[in-house]
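Let me begin by presenting the structure, written as structure tokens, before commenting on it.
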Amino acid sequence: MRDEIKTKRLRLRQLRMSDATRVARFCGDPQVGRNLAMTPLPYLETAAEGWIMTLAARRPLRRDFVYGVDLAGEGLIGCIGAHQVSGVRRQLSERVALADTRHLTSDTCYEVGYWFGRPYWGKGFATEALQALMRDAQALSALEAGHFVDNPASGRVLSKSGFAYTGETRPLFSMARGQCAPCKRMRFAPALERSASVSEAVAL
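In my numbering, the protein residues as written are 2 to 205.
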């Protein structure tokens, strides 16, 4: 995948340390953090810096494709990415209570995730960024995602972009909530079908 992806309104690019302030501000909002699995509250700027450093260190492995999402005149308004999940997922789920990854259905797939600052909700930015990411990710294997049951807006974003519900609802631990919450699983079409599906979604 490319280091930078542009859409009509947005620019998806590599995160940098100077983004930590806005990452911490947005993810530190309880209404944002509660929809994420691995984001504690309060979410400090030092934690955001550590996350950005970890992503930079892992970038050469080409298993995690995470982008900051810029809006012209505003700067960073959110993040989006796809993380490779393979055979290690079972070991992780057995050893780490913070993330149950056993719900993933393929041997190797990419888990899609995103968040946007609350001032930017309801403006179509998540859908625009997700569809751009997917157009650039056509060479990747299967794409999967999930959303907490009490966050149906995220499900609508995924549905608009060609994801369909698998019928599974699994408990997923949220650090911000301090407990597990039911998470609905979704999956996108195989790579060969993805191009037509995304083009159709964009045309709509």
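We put the beta carbon where it would ideally sit given N, CA and C, even for glycine. In this text the structure is predicted, and so the values were computed from the model without any measurement.
Under three-state DSSP, which class holds residue i?
i, result
"K7", "strand"
"Q85", "strand"
"D65", "strand"
"E145", "strand"
"K185", "strand"
"T47", "helix"
"S94", "In this predicted model, S94 has a pLDDT of only 40, less than 50, meaning its place in the structure is not dependable; the value taken from the coordinates is given anyway. Reduced to three states, the DSSP call for S94 is helix."
"V113", "strand"
"R171", "strand"
"G163", "coil"
"V70", "strand"
"G156", "helix"
"Q139", "coil"
Going by CA-CA distance only, name the one from the options that's closest to residue i.
i, options, result
"I6", "S87, R64, S175 and G82", "G82"
"R188", "C181, I53, R171 and L159", "L159"
"L112", "T40, P120, K124 and L141", "According to the sequence displayed, residue 112 carries Glu and not Leu. Cα-wise, what sits closest to E112 is L141."
"A1", "G163, R119, T109 and R23", "Because the chain here runs from 2 to 205, residue 1 falls outside it and cannot be looked at."
"L37", "R60, C80, A58 and L13", "C80"
"A57", "D20, V86 and T167", "D20"
"Y166", "P61, L144 and Q180", "L144"
"A146", "R14, R178, R12 and V86", "V86"
"D4", "V33, R23, L173 and R63", "R63"
"H84", "L72, A25, G114 and G76", "G114"
"F13", "R157, T109, K161 and L131", "Here residue 13 is Leu; the residue named in the question, Phe, does not match the sequence. Selected option, being the one with the closest Cα: L131."
"R59", "T8, Q15 and K124", "Q15"
"K124", "A138, R171, R136 and R157", "R157"
"A138", "P120, C110 and K161", "C110"
"P120", "K161, R136 and L72", "L72"
"T8", "R136, G179 and V33", "R136"
Report the CB separation of residue i from residue j in whole angstroms; it is logged as a contact under 8 Å.
i, j, result
"W122", "C28", "Not really, about 14 Å apart at Cβ, beyond 8 Å."
"E50", "M18", "6 Å"
"V67", "F126", "With a Cβ gap of about 16 Å, V67 and F126 do not count as contacting."
"R10", "E129", "6 Å"
"R35", "S175", "6 Å"
"S78", "G118", "A quick correction: the sequence has Ile, not Ser, at residue 78. So it is a contact: roughly 5 Å between Cβ atoms."
"T40", "A177", "6 Å"
"G74", "R23", "Not confirmed; about 14 Å, so no contact."
For a test of your reading of the model: does the CB of residue i fall under 7 Å from any non-hydrogen atom of the ligand ZN? Yes or no.
i, result
"I6", "The model depicted lacks the ligand ZN and carries no ligand whatsoever."
Would you say the region 22 to 38 touches the region 46 to 59, given that touching needs at least three Cβ pairs under 8 Å? Between the region 22 to 38 and the region 46 to 59 there are three or more inter-stretch CB-CB distances shorter than 8 Å, so the stretches are counted as touching.
Those runs of the alpha helix (DSSP H) which lie wholly inside the region 5 to 41 and span at least 4 residues: 21 to 28 and 31 to 34
Stretch pair the region 147 to 155 + the region 170 to 184: three plus CB contacts closer than 8 Å: yes
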